[in-house]
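**Student:**
Numbering (my numbering), first residue to last: 2 to 59.
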(Lines of atoms letter the chains of each structure in order from A and count residues from 1; the text may use other names and numbers.)
(Lines give C-alpha, C1' and ligand atoms only; values in the text may rest on other atoms or scores of the structure.)
Protein backbone atom coordinates (compact mmCIF):
# COMPACT_ATOMS: atom_id res chain seq x y z
CA UNK A 1 0.00 0.00 0.00
CA UNK A 2 1.40 3.38 -0.93
CA UNK A 3 1.73 6.08 1.69
CA UNK A 4 0.30 9.46 0.75
CA UNK A 5 1.67 12.53 2.51
CA UNK A 6 0.25 15.98 3.17
CA UNK A 7 1.32 18.64 0.68
CA UNK A 8 1.50 21.25 3.46
CA UNK A 9 3.39 19.53 6.28
CA UNK A 10 4.59 16.21 4.83
CA UNK A 11 2.89 13.99 7.44
CA UNK A 12 0.88 10.92 6.46
CA UNK A 13 -2.79 11.52 5.61
CA UNK A 14 -5.83 9.38 6.42
CA UNK A 15 -9.16 8.69 4.74
CA UNK A 16 -11.73 11.43 5.46
CA UNK A 17 -14.65 10.53 3.14
CA UNK A 18 -15.63 7.49 1.09
CA UNK A 19 -18.10 7.30 -1.78
CA UNK A 20 -21.55 6.09 -0.69
CA UNK A 21 -21.96 4.12 -3.93
CA UNK A 22 -18.57 2.47 -4.67
CA UNK A 23 -16.83 2.89 -1.27
CA UNK A 24 -13.64 4.28 -2.86
CA UNK A 25 -11.88 7.15 -1.09
CA UNK A 26 -13.16 10.60 -2.09
CA UNK A 27 -11.16 12.78 0.32
CA UNK A 28 -8.18 12.59 2.68
CA UNK A 29 -7.25 14.61 5.79
CA UNK A 30 -3.96 15.27 7.55
CA UNK A 31 -4.23 14.55 11.27
CA UNK A 32 -1.22 16.77 11.94
CA UNK A 33 -2.23 20.08 10.32
CA UNK A 34 -5.90 19.38 9.46
CA UNK A 35 -5.47 20.02 5.74
CA UNK A 36 -8.05 18.24 3.56
CA UNK A 37 -7.54 17.22 -0.06
CA UNK A 38 -10.05 18.27 -2.70
CA UNK A 39 -13.06 15.98 -2.77
CA UNK A 40 -12.96 13.64 -5.77
CA UNK A 41 -16.21 13.46 -7.74
CA UNK A 42 -17.22 10.08 -9.17
CA UNK A 43 -19.56 11.11 -12.00
CA UNK A 44 -20.94 7.60 -12.57
CA UNK A 45 -21.60 7.14 -8.86
CA UNK A 46 -23.30 10.54 -8.72
CA UNK A 47 -25.62 9.51 -11.57
CA UNK A 48 -26.46 6.23 -9.81
CA UNK A 49 -27.11 8.06 -6.55
CA UNK A 50 -29.34 10.68 -8.24
CA UNK A 51 -31.26 7.97 -10.08
CA UNK A 52 -31.83 6.12 -6.80
CA UNK A 53 -33.15 9.29 -5.13
CA UNK A 54 -35.52 9.95 -8.05
CA UNK A 55 -36.84 6.39 -8.02
CA UNK A 56 -37.34 6.32 -4.26
CA UNK A 57 -39.29 9.59 -4.25
CA UNK A 58 -42.04 8.15 -6.49
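C-beta: ideal position from N, C-alpha, C; glycine also.
Grab me the residues of residue 50's own chain with a C-beta within less than 8 Å of its C-beta, minus the 5 sequence neighbours each way, in chain order.
**Tutor:** The answer, listed in chain order, is 21, 22.
**Student:** For residue 18, which residues does DSSP report across the bridge?
**Tutor:** Its beta-bridge partners are 28.
**Student:** Residues in the same chain with beta-carbon distance under 6 Å from residue 10, minus the five sequence neighbours each way, listed in chain order, please.
**Tutor:** Same-chain partners within the cutoff: 33, 34.
**Student:** Going by beta carbon distance, what residues of the same chain come within less than 6 Å of residue 31, once the five residues before and after it are set aside?
**Tutor:** Cβ neighbours of residue 31 beyond the five flanking positions: 7, 12, 14.
**Student:** Assuming residue 18 and residue 27 make a contact with CB atoms under 8 Å, what is their CB distance in whole Å?
**Tutor:** Their Cβ separation, rounded to whole angstroms, is 5 Å, which keeps residue 18 and residue 27 in contact under 8 Å.
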